[in-house]
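Here's the structure, in structure tokens; my notes come after.
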Amino acid sequence: MSRSTSSTQTIASPYRLGACSSKEQSPTRADWLLDKISVLYIPSGADHRSIPEGTRQVRARGEMPDVVVLTEVNAARLIAHYLPPPAAAIVPVIDASGEDHCDRAWRCEIADLRIKVANSFSLDEGLSILKPTINRVRALAERVLAATDPRLILLARLAVRGRDMEPKRDASSRETVTYSDAAAVPDALTLAEELVNLGLLERKFFDKLITCPRCDSARLCVRERCGACHSADLVEEAVIHHLRCSAQAPERDFRQGTSLICPKCRLHLEHFSVDYDRPGRVTLCRSCGHISTDAEVGFTCLDCDKEGDTEETGTRTVWRYRITEAGLAHVKSGVLLPEGLGNSALDRLETFVSREKAAQRPFCVLVCRLVNREAANQRIWEQTCALFGRLFREMFTPQTETIDAIVGATPLFLALLGGDHKSEVERVLPNIKLDLERHLSERPCVDYAIFGPDEMTRILGGQHLKGATP
Amino acid sequence: MIGVDIIVHAWQFLVALPEGAFIAIFWLTILAELPRYFVGVQATAAAALLHDDQPRGPIQQVPSVSILLVGHNEEGSIESCVRSLHNQTFNQFEIVCVDDGSNDQTFAIMRRLEREGLIHTAVRLELRGSKPSGINLAARLAKGDILVVIDCDCSFEPDAIQELLRPIVEQPSVAAVSGNILVRNWRRSIITSLQAIEYLLSISLGKTYANILDQVWCVSGAFGAFRRDAWEQVFGMDTGGGEDFDFTIRMRLAGYKVVFTRHSICYTDVPETLYALLRQRHRWERDTFWVRLRKYKRLLNPLRRSISWNDVIFHWDFLLFNFLPTIAFPFYLVWLLTRYGEFGVLLLFAVTLVLYVLDFVAFVSAVLVTNRPVYWRLLPFLLLFGPFQSYIMRLDRFYAYATEWIFTLSKYDNYTPQKTRDWTVWK
């Protein structure tokens, strides 16, 4: 029975972390009790009655526990005092403070599990739940637990927990989402993006947020408002059509007490669909009297008070991050991560130039810069950039490396054309321009430039890609 | 050579006819055609050409103006119509659009134009009501003191709205103004070219004449302006076909002055095939019959106190010079062919020759009055215009009148939804 349960857990998990999987396939309780689980109670240890059977309490500082149990509110802040940074981020944590933290400010974000009562029974249950994680922690290489590279720490943290780096809704944050892993690994989001560039994490869509065009906050109050005066004091009314005389107007023109009386022919409207119809609805603004079918949707930014139309807003995609097979392999082996590989557009360009020069082949780089000269609204501009980027990538063969980068606020698209002379690309540039721009309903302003091998310093040493973010 | 022989024979025959026989043979032409050509049309042309009594240039102190656009499945035309309006020399107006139960992209386009600030109000009705009810709703939503009703498939000369408003602004007694409608797609087919000539003659020239005689009785639903107080006085448009005609009649009967301005030019598309044209004209002619001879047949009675001579003249004009000749025409044809046999055909040809001359004079007058030299290119089509009007369109009109008279076919016209038609008072 327990074998089949454990097997299901293993299959359900998208992760396979080498050694621990073999342990998970023989997970009888008797077996794993042989090796007692070491528990670190923070801040003040635990009395023997609340220690579950089959566990032992870690008392010496520097000894690596299997699990950390927080017995008091705010004890999470002390973890760093008891454990070195990698272990503090990797070892699973149980919040056993017993507090129901309704207030998010006090909630222990680092905890993997919360139990309401810190007795031996609850802890035992908690440990059972965390057992796969504990097994994976035990299977980690020593050098991972001693790593100083926060990217590897983050990778290991996700690997042992067998889950994605998942965003959570958080109204107290300007972004309206936070990553709980950031409580254990500072700057986790930036590190995750770096790991994505290295191919060790992959992005999975979580949500697309609407953001303020002025301050980029996602905390927007969105509501319907009048298209003429922007008041939110709107009321919806039916339109009534008196079939006999063709009078057609909002219901208030017909309404007299409980009766409907035609304002044109003064007849009582009695039978719906026989002598009158309700063919539609209108929205009436009680402030200015403007009538329309649909109210406009506007926003107010809760952080900077900007008001505007939702079409002005920008968007920001929020991702969850999932560890890849390569990432799991890295965690399993504990090999140090490469520094800066694919980290920036500049690095990739330098790598390309070095490679082509070493191969003694002709090469050049086509650079397209999209300029928002007509100050299109944020959303349309983002859509234009995204579509242009896709067309740009599809323009070249799959072997051609392309780079999308943002320099300042300007989107830059580079095609690294190995084996092509600059003059050849210049010859076909009009066709490239035509193919890139003809699919866009509103032609964007695009600056094109081609750099040959002798001009690479203008890109590499110049300002073109300084501060570029992929 | 045969054609020349026929013409020579016809001419010799006409010259040789004594006066009495001439009248006996050509009584229909003399009664129905000549008065219109010579008395009205040429007088109008002369009046219009010799002294242009309508001052041009910017108009002063314009009251607030609302343009009402009501459309059903007008995705192909609504945007160009709105953009054309915004290119007007006078553009201090609001545009109120009502989508009357379209099942295409009409409302999406309206919404986009509203967001762009080109339309002030856009309202969608899920159920199609009919054009009159849509216009009534648009008028209710509009805030202007002058309401301009426009068809979605129209486009305009740059000063069209300004010239349309001029009579209302400058003459307080005027409550409604009918604009000049010309054919936009006249190059598309022979049928559209023939209709272009017809519009020139019947609207540009005919209504200019009617305006001089204070006989403008129809402000077209495609392009007209109304004073709001007069609009409300007659409670807007009514259920039933020919709503624009009916509305103008009610306005005139309420004592308001209605005028035509030839300087305000709007262009519209007309049916491109004979079948489509005949279908359209069946509907128009049935509506005309219903409005004139059923709904307002009391206007034929000159002895009624509430009716002025102007009203009576208008209705008897229709009866004598339109309705009766149309009804008599098939019988006249049969009589002529029975009495004269093959020679009857020759006689008809002779009549056609005479009418060519009249058509040419009228056409020249119309183009001069309209002041659009491009329409000179329609001149070759004048050879077809006379026979087309005399035989095809007149027989079609005869069919429409007859079926309306006997079967009240307008009751089954799907131009308005069944629910609405059920309430129309069919007499």
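Sequence order for the protein chains is A and B. For the first sequence, position 146 (counting from the first letter as 1) is numbered 142 according to my numbering, and the numbering increases by one without interruption. Counting the second sequence from 1 gives a position; my numbering is that position plus 1. Ideal placement from N, C-alpha and C gives every residue a C-beta, glycine not left out. Small disclaimer: the values here were computed from a predicted structure and weren't measured.
*Nearest neighbour of V313/B, chosen from I250/B, V375/B, G342/B [CA to CA]*: Counting from one through the second sequence, the residue named residue 313/B turns up at place 312. Out of I250/B, V375/B, G342/B, I250/B has the C-alpha closest to the C-alpha of V313/B.
*Beta-carbon of R188/B versus every beta-carbon of chain A: anything under 8 Å?*
What you label residue 188/B is simply residue 187 of the second sequence in a count that begins at 1. No, R188/B does not count as interfacial toward chain A.
*Closer than 8 Å to chain A by CB, P133/B*: For the purposes of this step, residue 133/B is identified with residue 132 of the second sequence, where counting begins at 1. Interface annotation, P133/B: in contact with chain A, CB-CB separation under 8 Å.
_In DSSP terms, what N372/B is bridged to_ = Along the second sequence, one-based indexing puts residue 372/B at 371. Looking at the DSSP assignment, N372/B forms no beta bridge with any residue, so it has no partner.
*Using only the heavy atoms of the ligand HEM, determine whether one of them is closer than 7 Å to the beta carbon of I266/B.*
With respect to the ligand HEM, the structure shown offers nothing to examine, as it has no ligands at all.
_I'd like the list of long-range same chain contacts for T4/A, defined as Cβ closer than 7 Å, with 5 residues on each side in sequence excluded._
On the first sequence, residue 4/A is found 8 positions in, with the first residue counted as 1. Model confidence at T4/A stands at a pLDDT of 26, short of 50, so the residue's coordinates are unreliable; what they give is reported in the following sentence. Contacts found: none.
*Residues of the region 244 to 260 of chain A whose Cβ lies closer than 8 Å to any Cβ of chain B, in chain order*: Cβ contacts with chain B come from Q244, A245, P246, D249, K260.
*Going by other Cβ atoms of all chains shown within 10 Å of its Cβ, with 16 needed for buried, is I31/B buried or exposed?*
If you number the second sequence from 1, residue 31/B lands on position 30. It is exposed - the Cβ of I31/B has fewer than 16 other Cβ atoms within 10 Å.
_Could you tell me which whole beta strand (DSSP E) segments of length 3 or greater appear in the region 198 to 259 of chain A?_
The region 198 to 259 of chain A contains these whole beta strand (DSSP E) runs: 216 to 221, 230 to 238, 243 to 246.
*Could you check where the beta strand (DSSP E) with I182/B kicks off and where it finishes?*
For the purposes of this step, residue 182/B is taken as residue 181 along the second sequence, with counting starting at 1. Segment 175 to 184, the beta strand (DSSP E) holding I182/B.
*For chain E, find out if any of its Cβ atoms is closer than 8 Å to the Cβ of T289/A; answer yes or no.*
Note that chain E does not occur in the displayed structure, where the protein chains are A and B.
*Anyone know if the C-beta pair for I38/A and I75/A falls short of 8 Å?*
Here the question's residue 38/A lines up with position 42 in the first sequence. Here the question's residue 75/A lines up with position 79 in the first sequence. Contact flag set, yes.
*Contact set for A329/B: own chain, Cβ-Cβ below 8 Å, skip 5 residues either direction*: One-based indexing of the second sequence puts residue 329/B at position 328. Correct list, in chain order: L29.
*Beta carbon proximity, D416/A to chain B, threshold 8 Å*: On the first sequence, residue 416/A is found 420 positions in, with the first residue counted as 1. Not an interface residue.
_I need the DSSP call for E451/A, collapsed to helix, strand or coil._
Against the first sequence, residue 451/A aligns to sequence position 455. In the structure shown, E451/A sits in a helix (DSSP, three-state: H, G or I).
_Rounded to whole angstroms, what is the Cα-Cα separation between R199/A and R210/A?_
Within the first sequence, numbered from 1, the residue matching residue 199/A stands at position 203. Within the first sequence, numbered from 1, the residue matching residue 210/A stands at position 214. Cα-Cα distance, rounded: 27 Å.
*Listed from N- to C-terminal order along the chain, which residues in the region 268 to 279 of chain A have their beta-carbon within a distance smaller than 7 Å of any beta-carbon of chain B?*
D273, P275, G276, V278
*asked:* Counting beta carbon pairs with one atom in the region 214 to 232 of chain B and one in the region 112 to 126 of chain B, are three or more of them shorter than 8 Å?
replied: no
*In the region 41 to 89 of chain A, which residue ranges form an unbroken alpha helix (DSSP H) of at least 4 residues, counting only runs that do not cross its ends?*
Segments of the alpha helix (DSSP H) lying fully in the region 41 to 89 of chain A: 75 to 78, 81 to 86.
*Would you mind reading off the limits of the alpha helix (DSSP H) that contains G387/B?*
Taking the second sequence and counting its residues from 1, one reaches residue 387/B at position 386. From DSSP, the alpha helix (DSSP H) with G387/B extends over 383 to 388.
*Are the beta-carbon atoms of C241/A and K260/A separated by less than 8 Å?*
Here the question's residue 241/A lines up with position 245 in the first sequence. Here the question's residue 260/A lines up with position 264 in the first sequence. Yes, the pair counts as a contact, with Cβ atoms nearer than the cut-off.
*If you drop the 5 nearest sequence neighbours on each side, which residues of the same chain put their C-beta closer than 6 Å to that of E75/B?*
Here residue 75/B is taken as the residue at index 74 of the second sequence, counted from 1. Sequence-distant partners of E75/B (beyond 5 residues in either direction) whose C-beta falls short of 6 Å from its own C-beta, in its chain, are T107, C153.
*Keeping to the same chain, check which residues put their C-beta closer than 6 Å to that of D305/A; ignore five residues upstream and five downstream.*
Residue 305/A sits at position 309 when you count from the first residue of the first sequence. In its chain, beyond the 5 residues on either side, G294 have a beta carbon closer than 6 Å to the beta carbon of D305/A.
*asked:* Using 8 Å as the cut-off, can you tell me whether the region 361 to 372 of chain B makes contact with the region 201 to 219 of chain B, which would need three or more C-beta pairs spanning the two stretches below that distance?
replied: yes
*Would you grab the beta carbon distance between D443/A and R357/A for me? Rounded to a whole angstrom, and I think it's under 8 Å.*
Position 447 of the first sequence holds residue 443/A. Position 361 of the first sequence holds residue 357/A. The pair is not a contact, with the Cβ atoms about 27 Å apart (cut-off 8 Å).
_Cβ pair count under 8 Å reaching 3, the region 126 to 140 of chain B against the region 191 to 198 of chain B_ = Cβ pair count under 8 Å is below three, so no.
*In whole angstroms, what separates the C-alpha of T309/A from that of L425/A?*
For the purposes of this step, residue 309/A is taken as the residue at position 313 of the first sequence. For the purposes of this step, residue 425/A is taken as the residue at position 429 of the first sequence. Each residue's Cα considered, the two are about 34 Å apart.
*Cross-chain neighbours of D230/B in chain A, by beta carbon under 9 Å*: Sequence index remark: in the second sequence, residue 230/B carries index 229 (1-based). Within chain A, no residue comes near D230/B; the closest Cβ sits about 16 Å away, beyond 9 Å.
*Nearest CA to the CA of G58/B: which residue from D247/B, Q163/B, E115/B, I213/B?*
Reading the second sequence from its first residue, position 57 is the one you call residue 58/B. That would be Q163/B, whose Cα lies nearest to the Cα of G58/B.
*Is there at least one Cβ from chain B nearer than 8 Å to S124/A's Cβ?*
Start at 1 with the first residue of the first sequence, and residue 124/A comes out as number 128. Cβ-Cβ to chain B under 8 Å: no for S124/A.
*List, in order along the chain, the chain B residues whose C-beta lies closer than 9 Å to that of G330/A?*
Stepping through the first sequence from its first residue, residue 330/A is reached at position 334. Within 9 Å Cβ-Cβ: nothing; G330/A doesn't reach chain B, min ~57 Å.
*Any idea what DSSP makes of V150/B, helix, strand or coil?*
If you number the second sequence from 1, residue 150/B lands on position 149. V150/B carries a strand assignment under DSSP once its states are collapsed to helix, strand and coil.
*Okay, do the region 330 to 350 of chain B and the region 408 to 424 of chain B touch, 3+ Cβ pairs below 8 Å being the bar?*
no
*asked:* The alpha helix (DSSP H) that contains G294/A, what's its start and end?
replied: As a first step, residue 294/A is located in the first sequence; it is residue number 298 there, counting from the start. Element bounds for G294/A: not the alpha helix (DSSP H) but the beta strand (DSSP E), 292 to 297.
*Assuming P97/B contacts S67/B (C-beta within less than 8 Å), just tell me the rounded distance between them.*
Along the second sequence, read from residue 1 onward, the residue named residue 97/B stands at position 96. Along the second sequence, read from residue 1 onward, the residue named residue 67/B stands at position 66. Note on identity: in this sequence residue 97/B is Val, with Pro being the wrong assignment. Yes, V97/B and S67/B are in contact; Cβ-Cβ is about 6 Å, under 8 Å.
_Counted within 10 angstroms of its Cβ, other Cβ atoms place G72/B as buried (16 or more) or exposed_ = As a working mapping, residue 72/B is identified with position 71 in the second sequence. Buried.
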